[in-house]
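Residue 1 is where the sequence shown starts when you use the numbering used here, and the numbers rise one by one after that.
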Amino acid sequence: MDGASKFVQGDVRAGLIITAINLLGGVIIGSSIRGESFTQAIETYGKFTIGDGLVSQIPALLTTVATGIIVTRSGSESDLATQFKSQLFSNSKVLYVVAGSLGFAAFIPGLPFIPLVLLSAGIAYLGYSLEQTVKEQLESIEKKEKESGQDRKPKDFYEELRTDPIEIEVGYHLIPLVDVSQGGALLDQISNLRKKFAQDNGVVIPPVRILDNLDLNPDTYSIKINGTEVGASTVKPDKLMALNTSPGSAESIAGEDFLEPSFGQRAKWISAEDKSDAEAKGYTVVDASTVVVTHLKELLATHASTLLGREEVKKLLDHYKTSYPTLIGELDADKPGNLGIIQQVLQNLLREGLGIRNLVPILESIANNLSKYQNPYILTELVRQSISRTVVRDYLSMDGKLRVITLESRILDRLNKSITQDRIENRDVLSLAPDFYRRLIDSVAELYRNFRTEGKFPIFVVNREVRLPFSYMLAKEFPPRNFGVLAYEEIHSSVDSVIEAELKLPQAQTAGISEET
1 MDGASKFVQG
11 DVRAGLIITA
21 INLLGGVIIG
31 SSIRGESFTQ
41 AIETYGKFTI
51 GDGLVSQIPA
61 LLTTVATGII
71 VTRSGSESDL
81 ATQFKSQLFS
91 NSKVLYVVAG
101 SLGFAAFIPG
111 LPFIPLVLLS
121 AGIAYLGYSL
131 EQTVKEQLES
141 IEKKEKESGQ
151 DRKPKDFYEE
161 LRTDPIEIEV
171 GYHLIPLVDV
181 SQGGALLDQI
191 SNLRKKFAQD
201 NGVVIPPVRI
211 LDNLDLNPDT
221 YSIKINGTEV
231 GASTVKPDKL
241 MALNTSPGSA
251 ESIAGEDFLE
261 PSFGQRAKWI
271 SAEDKSDAEA
281 KGYTVVDAST
291 VVVTHLKELL
301 ATHASTLLGR
311 EEVKKLLDHY
321 KTSYPTLIGE
331 LDADKPGNLG
341 IIQQVLQNLL
351 REGLGIRNLV
361 PILESIANNL
371 SKYQNPYILT
381 ELVRQSISRT
391 VVRDYLSMDG
401 KLRVITLESR
411 ILDRLNKSIT
421 QDRIENRDVL
431 SLAPDFYRRL
441 IDSVAELYRN
451 FRTEGKFPIF
461 VVNREVRLPF
471 SYMLAKEFPP
481 RNFGVLAYEE
491 IHSSVDSVIE
501 AELKLPQAQT
511 AGISEET
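Structure below.
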């Protein structure tokens, strides 16, 4: 492609030089040989030269246009017709520019006036219609937000400083997903998600603010938590997503390739007419709204701890105060510092994927130990001990067994000797030599990949002292909520546990573990 472009560039330069020579030669011949005046020779041979030059440059122009299309198309997954339609007829400004150019060309002498004026007027009308359609959709959303009490225009400068806890920004092609009058189901699905999330995790998700953002790609949405984008993707509102939940077992289907944002699985966008065929071949088929809501659900589960502030914890305690007045009174949340400690304990549990719906046993454990320990990390471990049956139950496989990964004794000894205190965060951390740390993470990564490939959930089991710092170490290297770390003390004797694997370093590397300091 680079060679073709350079060839075109050289051809254009040669054409310009030849055009100049033709013009100069024509003037000289006309003036000296044919006896024409200089003005007459310029007029006669200028027309011939310019006409010949334009004709000779047409192949170069076509090659250049083709080169540009191929280069810009290389990073796109959709077909050429879809790209042309999206880029020419999805933005009213483009249509206005084309209409203006045609209107200007109509007044150039020699060009057909009426056809160009009609084309200009028609394209201008298309641009106006598109602009009005987008405007009506935006007004419809604003109206519904006002009716549902979601309209929050700033009343003063302090109101402008406020950030919505959860926001979804959508490109204008996705507005129909939100607009109920156009059959949009996104608002209802989000409402159901908030209810289900509270039932499963014990955290009440604040209302989700949905905004249009014309700066986004028309098919793109962005999910923000506390003003920071935590996820984004594109969806096709007029198509369905077909997801192969059993790779290798289902037949292939036609469609536009797509990487599902929640779990990173390969999928395809298909038309509604192909839904039955895809389902018959073993694919799970969902609409665009479901893709967005599923993505939102996973992000909320990952970032649930950041949504649990002091105000939310205070509301939870007030809710239980009527039924458990003694327990709530003993926690003494109004005492300076206590509410923050309770909040951090609950956040620590959520951060490791543990729900807090069954809040009473958690609060009982905090109340039992709060007078002795003011460290939220120590309290978190004590809470886990007290609700260990619930903790372990969430990790049981379909056959009711706890399938775990143990650590080689030499690695575990090294981790125990490496525990130190982080004076800033006031918690235990692992202080490991960089070389040993990297080898350990590489070994964990290999096990992690093997387990995920086989559809298993990796659960590491260590002693109580190592559990928290080891869990935090893994959280820095691997996706959250994609692994578990249990303490031996948390596994009740009645649990049927099975050792699936043992974390080891290669023999050549483990030889020097005990000697390292």
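The beta-carbon is built from N, C-alpha and C at its ideal position, and this holds for glycine as well.
Taking C-beta atoms as the reference points, A487 and L447 fail to come closer than 7 Å.
Rounded to the nearest angstrom, the gap between the Cα atoms of G46 and L95 is 35 Å. Annotation for S388: E490 and H492 place their beta carbon closer than 7 Å to its own, counting only its chain and skipping 5 residues before and after.
Taking one beta carbon from each stretch, the stretch 256-270 and the stretch 229-244 have 3 or more pairs nearer than 8 Å; the two touch.
Residue pairing by DSSP places D215 in no beta bridge whatsoever. Segment contact: the stretch 264-272 against the stretch 299-319, fewer than three CB-CB distances shorter than 8 Å; contact not assigned.
By the 16-neighbour rule on beta-carbons within 10 angstroms, N244 is buried. Beta-bridge pairing by DSSP links L331 to no other residue.
Q182 and L174 have their C-alpha atoms some 11 Å from each other.
In this structure the stretch 19-29 lies against the stretch 38-45, because at least three pairs of beta carbons, one per stretch, are closer than 8 Å. Here the alpha carbons of D435 and G355 stand approximately 36 Å from one another. Contact check for L102 against L111 fails: the beta carbons are separated by 7 Å or more.
In this structure D428 is buried. Its beta-carbon is surrounded by 16 or more other beta-carbon atoms within 10 angstroms.
Around the beta carbon of F483, 16 or more other beta carbons sit within 10 angstroms, so the residue counts as buried. DSSP places G340 inside the alpha helix (DSSP H), whose first and last residues are N338 to R351.
Between R403 and V498, the gap from beta carbon to beta carbon is short of 7 Å. Between the beta-carbon of D219 and that of I141 there is about 17 Å, and that puts the pair past the 8 Å contact cut. For T306, DSSP records no beta bridge to any residue.
Note on geometry: alpha-carbon atoms of K195 and P165 lie some 17 Å from one another.
The residues S289, in chain order, have a CB closer than 6 Å to that of A185 in the same chain once the five nearest residues on each side in sequence are set aside.
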